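Chains as they are written, first to last, in my numbering: chain A, 1 to 511; chain B, 1001 to 1639.
All C-beta atoms, glycine included, are put in the ideal place defined by N, C-alpha and C.
Note that the structure is a prediction, hence the values are computed from the model and not measured.
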Amino acid sequence: MEYGFPLLSSLIFLPVIGAIGLLFIPRKEELEVKRFALLIAILEFFLSLPLWFGFDKTTSLMQFVEKKEWISSWNVYYYLGVDGISVLFVLLSTLITILCILVSWTAITEKIKEFFAALLFLEGVMIGVFCALDFFLFYIFWEAMLIPMYLIIGVWGGPGRLYATIKFFLYTLIGSLLMLVGIIMLYLKGGHTFDILKLASNSYDFKFQMILFWTFFAAFAVKVPMWPVHTWLPDAHTEAPAAGSVILAGILIKMGAYGFLRFSMPICPQATQAMTVPMLVLSVIAIIYGAVICLGQDDMKRLIAYSSVSHMGFVTLGIFALNYHGLEGAILQMINHGVVTGALFLSVGIIYEQTHTREISDYGGLATVTPIFAGFFLVFTLASIGFPSLNGFVGEFLILLGGFTAKTWAGFLGATGIIIGAGYMLWLYQRVFFMKVNEKVAGVRDINLREIITLLPMLILIFWIGIFPNTFLSYMHVSVTHLLDQVNQNASLAQTGPQAFLETAIRLIGG
Amino acid sequence: MSIPVFILLIPFLPLASFVFTILFGRRFGEKAHWPPIIAVFASLFCALIAFNKVLHGFHLNEDLYVWFSSGHFKASVGFLLDELTAVMLIVVTTVSALVHVYSVGYMHGDTGYYRFFSYLSLFTFSMLMLVLGNNFLQLYFGWEAVGLSSYLLIGFWFEKKSASDAGKKAFIVNRFGDFGFGLGIFVVFLTFGSVHYADVFTQVNNVVGNSFNFLGFHIDVITLLAVLLFCGAIGKSAQIPLHVWLPDAMEGPTPVSALIHAATMVTAGVFLVARCHPIYNLSPFALNLITIIGALTCLFAATIALVQVDIKKVIAYSTISQLAYMFIGCGVKAYGAGIFHLFTHAYFKALLFLGAGSVIHAMSDEQDIRKMGGLKSYLPITYFTFLLASLSISGIPGFAGFFSKDEILAMAFASPVGAGKFAWFIGTVVAGMTAFYSFRLLFLTFHGEFRGTEEQRRKLHEAPFSMIIPLSLLAIGSVVAGWVGVPEVLGGENGWAEFLGKCLGHPHAHLSHSVEWALMVISVAAGITGIYLAYLMYLKRPELPISLCEKYPRVYECLFNKYYVDEFYSWLIVQPTIKCGRYVLRGFTDGKIIEGIVNGIPRLIGRLSSGLSRFQTGRVQQYAGVMALGAFILLLFFM
């Protein structure tokens, strides 16, 4: 379905053009630079609102579609569109970018112009990733995203930024590389087209699907990140400036899970079904491993980073439960995690700006010193541990219900993550906000108006999704049904379980 | 049919008051208590209307809105009003209202005054949502929300490490129970396709004999369901093995202990079992489990209470023990009796706590009963009300506790299953212990010589008016609350059983009047013996307890240290998990193995090829080149 106005292109290119425009503002006009960046981000947000109001919830077809021939000899199209799976991420991206600009307002003091330019450029390509319906185009956005992120961590990051960026880059690059191979194979096998929808409507033999599944897996698992390829995340988060962490947690790592939904499942349905058990096992390990390791952290950002591993484990658990509840829960949880973890990183960034320490032991008694901040952080903490009436609960509940339906052990073990989650988050809250005031933070001021405005949208979303989740779930119903139909089309042919996994492995090795 | 406004007001007035007070309460300073108090009294008024309507046959089961739906799953916010809800509404709103008033005096001058009252409102709202819900999801919401209020109020004085530890502990221990509860909700949905009580309870007979594949085991679905849901009850109502959080919860301000940790929240587990009685009735295994856990907890907690020296700890263990009585009632299918004890207990236990609060207030925050004594003459009203509550909990005829406890014991005795008789025996023994520790507390606190410091003595004062009024009203409740359920054998009509029977069913067991008389005499004798022993040991011959301790030091140490359960959990679960996180996962698997591989591969490549070692230079252009090369190689490999 097309839309009268090239909305998605505008959403992609407005921030990119804004980023270029920013470079023309004289360097010493710092305030103007910030104001301009904020203006672009706000415009972008309003520009994205038609996606919310104009979205047709009754169809699984792509909407706001734009399709132009681009490189005709390779059959490459400039092809954009959104459906119920991607639309909310575009909106989340436009919102989060505003907050990232606000939180960086005084935190970034060097190369201000370049920083905000990188941020806006990143916004544009991130939206591109969620909208691209042509594999070639998708891959360009996917890789282009790395550059600004790499710079944001590498230039404005903490003392260990060099190691962190190289690790981040290598991990994701190796993953992407394998995906590129997969894309090319698919291009050759699927009738020389990069059209994602067309490629998904073809059916491929099982062996090919398996190869494809694993090449995609390499890219997406690193991005999610799934256990055991998660170790880049704590380093990247710890060293990144607040805005970098927020984008990383809020949007970037969602792309892995998005990839599973958009590519792995529809293109390799049988392989996906055959791989559910190993994937569920990895998800459960991520949930528990990520949660337990949080108990052993001394650094706030590292702790929240590892909690992301655990929470993203829930997302992949929901995806590979391969049923309706699991999938809807997973998509909602991706939004939730973006909101909550984003909010937590914003909060840590706000307090770090004053204290210049992330060590948990340097804190204590902040509830006495900064009561308003403590109130915000408490809501974020509760949302993170799945308190009902806040957003985290709905997603986790549906995911665990889905997991429990698929395999009782998956729901059972996944639910243990909720116990440990309460453990590490409340312990963190206690050590930072409760008990006697630590003299290192005794002079901290409570959050100011700008900081409240930065956190407030997240707070509102947390309550909104928590109390009226149907507003958000209704965007995905039809698309999720469609996706499940695609996967189940060949259900009778597919084998499931570890047996199939072994057989496939033997077949692959033995040729 | 839509939901009448007076029902909506019951929970939402306290919610409004919470939002208002937490946002703006600070500006009201010492007047911050007005919005919560007005809200809770209005809520009480509406609850009385609701109760009256139910008395005249009014029932309600309506959804307010669909909370979330996904596929066939639908969770709503909706209200169910029946006899059970009506009773719970009365308990929650009356005790809450009185505790609000009491707190005006008790919390006077605290820096977090407005915060305290806003949390009270939050709690009241949560508890009312819990009891009013018409489906399992809303029950779960209320369940977690009262847990949150409890967390906030236990840790109200968060500057104290012990208080913030206790709040956190309460939350996390409860999560263990909620884990089972949550899985129980999944099983409910997968079995019945709905989480609404009405849908589930009408279909429950159709699934008798079905089995459910749980972790590879084929378990009878009703038993599985009943046991999983009971896990939640164990946590919330502090039964073995999840009782450990409740004694620590005494770190919270005393009005909180009265409201949340005695009268209302901790009884949610009993409410859950009573609410789900159609399920439990079909699972003899689950019923026996409840009875046995009840009996064991009852004895276990009472023995600890015998030797504690902190006034609030004694009452806390007493609460655990009394909650266990309620579970015994439910376990022998006498749900009405269990709820009856919940009802009477709410008043006399709230009174004990508020009385203790009055003592602590007078003693300048001293809680050790060894340093009290002789307070009777300084705090006459507190003493008198405390005495009434102690008589009530000891099961002295005529007082509220007598009727409800007796009903449970009689039903347990009449129960055809073995667990019932066992529970009756334990329950009767514990009735004696209950009387003993209650009067030990009373004697040590109010009788004898004052053992505190001179400074404390100078400051001793009777509680202010705002605290005396709730004490007196609760004292009346502690006496008369039982009169609604006078058994036939004593010439009553037992209107209580009649009323609740409509909703919870009538127990099948019947006892002859002579047996009932005999049981009654035995339990009263146990109570009087307990009181006499306390009198003997703490008033008449105070050297006796000391010599007993010296004679059996092991036993005394074990009881005094609460059977070392906390230490055991710390050794078995808490420390290993934290150490696993820090040393095994962070230090070893992440730090050595995964990082070793991740950092090792580039290093290896670097050694093998000087060209590729530029991987580590971090130059983007090179990556692009390498990427293309790699892609090409892999492509050749796969094609």
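Chain B within 7 Å of residue i, Cβ atoms only
i	result
methionine 435 (chain A)	yes
valine 394 (chain A)	yes
phenylalanine 404 (chain A)	yes
histidine 237 (chain A)	no
Residue burial classification, residue i (beta-carbon count within 10 angstroms, cutoff 16)
i	result
aspartate 446 (chain A)	exposed
glutamine 63 (chain A)	buried
phenylalanine 1386 (chain B)	buried
glutamine 354 (chain A)	exposed
glutamine 209 (chain A)	buried
phenylalanine 1353 (chain B)	buried
alanine 442 (chain A)	exposed
glutamate 1030 (chain B)	exposed
histidine 1072 (chain B)	exposed
proline 457 (chain A)	buried
histidine 192 (chain A)	exposed
alanine 1525 (chain B)	exposed
threonine 109 (chain A)	exposed
isoleucine 1601 (chain B)	exposed
asparagine 1210 (chain B)	exposed
Simplified DSSP assignment, three categories, for residue i
i	result
glycine 1398 (chain B)	coil
phenylalanine 1189 (chain B)	helix
asparagine 448 (chain A)	coil
asparagine 1281 (chain B)	coil
tyrosine 324 (chain A)	helix
leucine 1612 (chain B)	With a pLDDT of 48 at leucine 1612 (chain B), under the threshold of 50, the modelled position of that residue is not reliable, and the figure given next carries that caveat. If DSSP states are grouped into helix, strand and coil, leucine 1612 (chain B) belongs with the helices.
glycine 191 (chain A)	coil
asparagine 1135 (chain B)	strand
proline 15 (chain A)	helix
leucine 1352 (chain B)	helix
valine 1332 (chain B)	coil
tyrosine 1065 (chain B)	strand
serine 203 (chain A)	coil
histidine 1196 (chain B)	strand
glutamate 1488 (chain B)	helix
glutamine 1239 (chain B)	coil
Among the options, nearest to residue i - alpha-carbon criterion
i	options	result
valine 480 (chain A)	A:Val16, A:Thr58, A:Phe206, A:Pro26	A:Thr58
alanine 1305 (chain B)	B:Thr1319, B:Gly1294, B:Ile1601	B:Thr1319
phenylalanine 345 (chain A)	A:Leu322, A:Val444, A:Pro234, A:Trp70	A:Pro234
glycine 158 (chain A)	A:Thr238, A:Leu332, A:Ile127, A:Lys111	A:Thr238
isoleucine 1172 (chain B)	A:Leu426, A:Thr276, A:Val432	A:Leu426
isoleucine 420 (chain A)	B:Val1040, B:Val1095, B:Gly1177	B:Gly1177
tryptophan 227 (chain A)	B:Gly1596, B:Asp1590, B:Val1101	B:Asp1590
alanine 1263 (chain B)	B:Leu1323, B:Gly1485, B:Val1574	B:Leu1323
phenylalanine 1560 (chain B)	B:Leu1152, B:Ala1163, B:Ile1597, B:Val1307	B:Val1307
phenylalanine 36 (chain A)	A:Lys28, A:Leu49, A:Ala19, A:Phe121	A:Ala19
glutamate 44 (chain A)	A:Ile372, A:Ile467, A:Leu461, A:Leu95	A:Leu95
leucine 151 (chain A)	A:Thr454, A:Leu178, A:Ala164	A:Ala164
Interface flag, residue i vs chain A, CB-CB below 7 Å
i	result
arginine 1175 (chain B)	yes
arginine 1582 (chain B)	yes
glycine 1641 (chain B)	Only positions 1001 to 1639 of chain B appear in this structure, which leaves residue 1641 (chain B) out of reach.
glutamate 1159 (chain B)	yes
valine 1244 (chain B)	no
phenylalanine 1186 (chain B)	yes
lysine 1168 (chain B)	yes
leucine 1215 (chain B)	yes
8 Å contact criterion, which residue i and residue j should meet: CB distance rounded
i	j	result
valine 1480 (chain B)	alanine 1414 (chain B)	With 8 Å as the limit, valine 1480 (chain B) and alanine 1414 (chain B) do not qualify as a contact, their Cβ atoms being about 27 Å apart.
serine 310 (chain A)	isoleucine 287 (chain A)	5 Å
alanine 1350 (chain B)	alanine 1238 (chain B)	Actually they are not in contact, since the Cβ atoms of alanine 1350 (chain B) and alanine 1238 (chain B) sit about 16 Å apart, beyond 8 Å.
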